[in-house]
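Participant: In my numbering, the protein residues as written are -2 to 733. Every residue, glycine too, gets a C-beta built ideally from N, C-alpha and C. Predicted model only: the values in this text are computed from it and were never measured. Input: one structure, supplied below.
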């Protein structure tokens, strides 16, 4: 009969804890199990010493801690927590019988508790056939550690091989201690040459966690950005900065919950050129084409919160608004003294700098983004701004069914400088501007609730919001106040109608009717789960406004006191909807859409649908559509710069066909151009212990508005992973 010993494992196959050994003495013919038995040792003969934690097991020894399996003829644990498995030990993650293993590692195994596994004279074998010999192999006992290798081909890079080694420096991964870990990258691309990277991650206990990443590429193909600049085949200079041979990226991130009420976060990225992310970290570039650089601190109390931030572009080839710095104070809705009145407010103040992106092109039309004037100065302005908004509400009910919330509010904004209206693009006037906004309104809503079959509850809530808002400017039409963000004026369509809990900075007189529907279902535990949350609404103005009919300001309001809800000077009803649908835990639909009645088109639509048909198959559909004017401080003389166009449909699914094969294709389609934008897939070939993943993608060529063309990009890559752990340990390469 076999003898068994189970001891607590720490992070991997062999990490045993002597403190958990209880009543363990020399055993024969019986089984001994201990709490938390992540490692199970079986042998023909075992003995142990409770006082010292020493263990000796001999004869047909097997040690198992899923997914790792060890086998040898002898294992010994010393008082220092060092396990010796002997020279004929084997390690595998294969699930087959020991006589039918595919892959295994053989050699002289020594395990140092809580630290690492050391193998001397190591042989990697495939079905008992040696395929690779390593004199010494050191493996930190954490599944996140180790070497990753991904070879492949890409049109921009040629053939490539990417490598990453993840390792522990000091207590890495331990949340309650000061820790430091690192990753080293070494890459080679046949077209670009070598690239090296280094990242450090740290834990400072209550002071938070952070990461510093450095990457440097000696790009021998860097001059492609200039050698094609004159033939309009690849006119890169119109769309980015100058590029040198040495290219780099520095990224810092640190976050800390200093107390239960205090949060601190720092995130910053610095690039050598505007193409660095696109060329070497394409996925990250798609998620965040303009990096967010910000250091912020927040303090929260039950009734108020305050904070401050320093933010903005750190490279001059990115445009945007910098806060240098800006602070804010928010007072949550709360009773005012002993009156049946609630009070709330939001105040922010800081020095703001809005700047344009400087590109390498000598063509004035493309040299600056946004293109506002021959020298780009239409997007370059600075001022101190203070904005404060206050509101009182008096909520009450009529007949226990109708909820009424009358409100009155005031908002004031101050700019230390402004722009002169005598300039077509920008000329700082040196004059301060005040804006005063008064608002009165009321929201009425009713709610009805009913049950279906005692398991489904339907809530029906019609509502109507009426608002009258008047704006007064001290500029008397002589100066134009600066637009740093949507606190100043609308930036795009989504800022038009004030649905984000704040009023618009324009004259407004109208109503916003809507209907909310909610369907909830009782689950097996008796907890209500929301199945459908559906809101249908509309913005209905009662007044018109005046707009410029021609010239550089065509379509813009003639007065800064007027809103941008219509660029033809007529009243326009704007309907919209929001939907969140989860009929089961395997189905989800998220939707937001708004319709432009004047031009008979969907101005904004964002739809995401996911459905898991079975444990083996799930699919997803997503769509993003935008066809709207961008309302900035000033329009461009070239009207095509003043609009945002997007009409992208993406489809994909994941299918585990059988135990040894799975795949996941996708397609991204540009509905506006009626052409495929990108198509790709990954394929997994699975043995009982290893997974082989092949990733392929094709991005079609396209032509820019200046006539230059971007060539098609083809990508193929390959990596191997332990099936028991899944491909997640390799997915860091998704950054490429």
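Could you round the C-beta distance between residue 132 and residue 118 to whole angstroms and report it? I think they count as a contact, below 8 angstroms.
Facilitator: 7 angstroms
Participant: Taking the alpha-carbon of residue 488 as reference, which of 524, 523, 553 has the nearest alpha-carbon?
Facilitator: 553
Participant: Could you give the residue range of the beta strand (DSSP E) that holds residue 277?
Facilitator: Looking at the DSSP string, residue 277 is not in any beta strand (DSSP E); the run it does join, the alpha helix (DSSP H), is 273 to 277.
Participant: Against chain C, with Cβ distances strictly below 7 angstroms, would residue 79 count as a contact?
Facilitator: Absent from the structure is chain C; it holds one protein chain and no more.
Participant: How far does the beta strand (DSSP E) with residue 393 in it reach, from first residue to last?
Facilitator: 393 to 395
Participant: Within the continuous alpha helix (DSSP H) that includes residue 362, where are the two ends?
Facilitator: 361 to 364
Participant: Give me the Cβ distance between residue 468 and residue 432, rounded to the nearest whole Å; I'm assuming they're in contact under 8 angstroms.
Facilitator: 7 angstroms
Participant: Look at the Cβ atom of residue 573, then the Cβ atom of residue 599, and state whether they are nearer than 7 angstroms.
Facilitator: no
Participant: What number of angstroms, rounded off, separates the C-alpha of residue 716 from the C-alpha of residue 723?
Facilitator: 12 angstroms
Participant: Can you give me the start and stop residues for the beta strand (DSSP E) that residue 223 sits inside?
Facilitator: Here residue 223 belongs to no beta strand (DSSP E); instead the alpha helix (DSSP H) covers 221 to 224.
Participant: In chain order, what residues of the same chain lie with their CB nearer than 7 angstroms to the CB of residue 313, ignoring the 5 residues before and after it?
Facilitator: The beta carbon of residue 313 is closer than 7 angstroms to those of 355 in its chain, skipping five residues each way along the sequence.
Participant: Who are the near neighbours of residue 265 in its chain, counting only those whose CB is closer than 6 angstroms to its CB and skipping five residues on each side?
Facilitator: For residue 265, where only same-chain residues beyond five positions count, the Cβ hits under 6 angstroms are 249, 290.
Participant: Please determine, among 671, 330, 707, 539, the residue with the shortest C-alpha to C-alpha distance to residue 341.
Facilitator: 330
Participant: Between the segment 680 to 698 and the segment 344 to 364, can you find at least three pairs of beta-carbon atoms closer than 8 angstroms?
Facilitator: no
Participant: Can you tell me which of the three DSSP states residue 101 falls into?
Facilitator: strand
Participant: Secondary structure at residue 647, three-state DSSP: helix, strand or coil?
Facilitator: Three-state DSSP puts residue 647 in a strand.
Participant: Nearest-angstrom Cα distance between residue 321 and residue 380?
Facilitator: Cα to Cα, the separation comes out at about 10 angstroms.
Participant: Under the assumption that residue 67 contacts residue 54 (Cβ atoms under 8 angstroms), give the Cβ distance between them as a whole number of angstroms.
Facilitator: A Cβ-Cβ separation of about 11 angstroms leaves residue 67 out of contact with residue 54 under the 8 angstroms criterion.
Participant: Across the segment 178 to 187 and the segment 157 to 167, are there enough close Cβ pairs to call them in contact, namely three or more that are closer than 8 angstroms?
Facilitator: yes
Participant: Below 8 angstroms on the Cβ atoms is my guess for residue 429 versus residue 412; work out the distance and round it to an integer in Å.
Facilitator: With a Cβ gap of about 6 angstroms, residue 429 and residue 412 count as contacting.
Participant: Could you spell out where the beta strand (DSSP E) holding residue 213 opens and where it closes?
Facilitator: 206 to 215
Participant: Can you give me the C-alpha to C-alpha distance between residue 124 and residue 101, rounded to a whole angstrom?
Facilitator: 8 angstroms
Participant: Relative to the alpha-carbon of residue 588, which residue among 619, 243, 642 has its alpha-carbon at the smallest distance?
Facilitator: 619
Participant: What separation, rounded to the nearest whole angstrom, lies between the Cα atoms of residue 473 and residue 418?
Facilitator: 11 angstroms
Participant: Within a Cβ cutoff of 7 angstroms, which residues of the same chain sit near residue 486, ignoring the five residues on either side of it in sequence?
Facilitator: 480, 502, 628
Participant: Whole angstroms is fine: what's the gap from residue 261's alpha carbon to residue 58's?
Facilitator: 52 angstroms
Participant: Per DSSP, what are the beta-bridge partners of residue 512 in this structure?
Facilitator: 459, 533
Participant: Where DSSP assigns a beta bridge to residue 124, which residues make up the other side?
Facilitator: Beta-bridge pairing links residue 124 to no other residue.
Participant: Which residues in the same chain have their Cβ closer than 6 angstroms to the Cβ of residue 197, if we skip the five residues on either side of it in sequence?
Facilitator: 179, 209
Participant: For residue 191, does the count of other Cβ atoms within 10 angstroms reach 16, so buried, or fall short, so exposed?
Facilitator: exposed
Participant: May I ask which residues mark the beginning and end of the beta strand (DSSP E) holding residue 433?
Facilitator: 430 to 443
Participant: Mark residue 445 as exposed unless 16 or more other C-beta atoms lie within 10 angstroms of its C-beta, in which case mark it buried.
Facilitator: exposed
Participant: Helix, strand or coil: how does DSSP classify residue 724 here?
Facilitator: Three-state result, residue 724: helix.
Participant: What does the alpha-carbon distance come out to for the pair residue 576 and residue 645?
Facilitator: 20 angstroms
Participant: With distances taken from CA atoms, which of 223, 44, 220, 195 is nearest residue 211?
Facilitator: If we check each option's Cα against that of residue 211, 195 comes out closest.
Participant: DSSP state of residue 233, grouped into three classes?
Facilitator: helix
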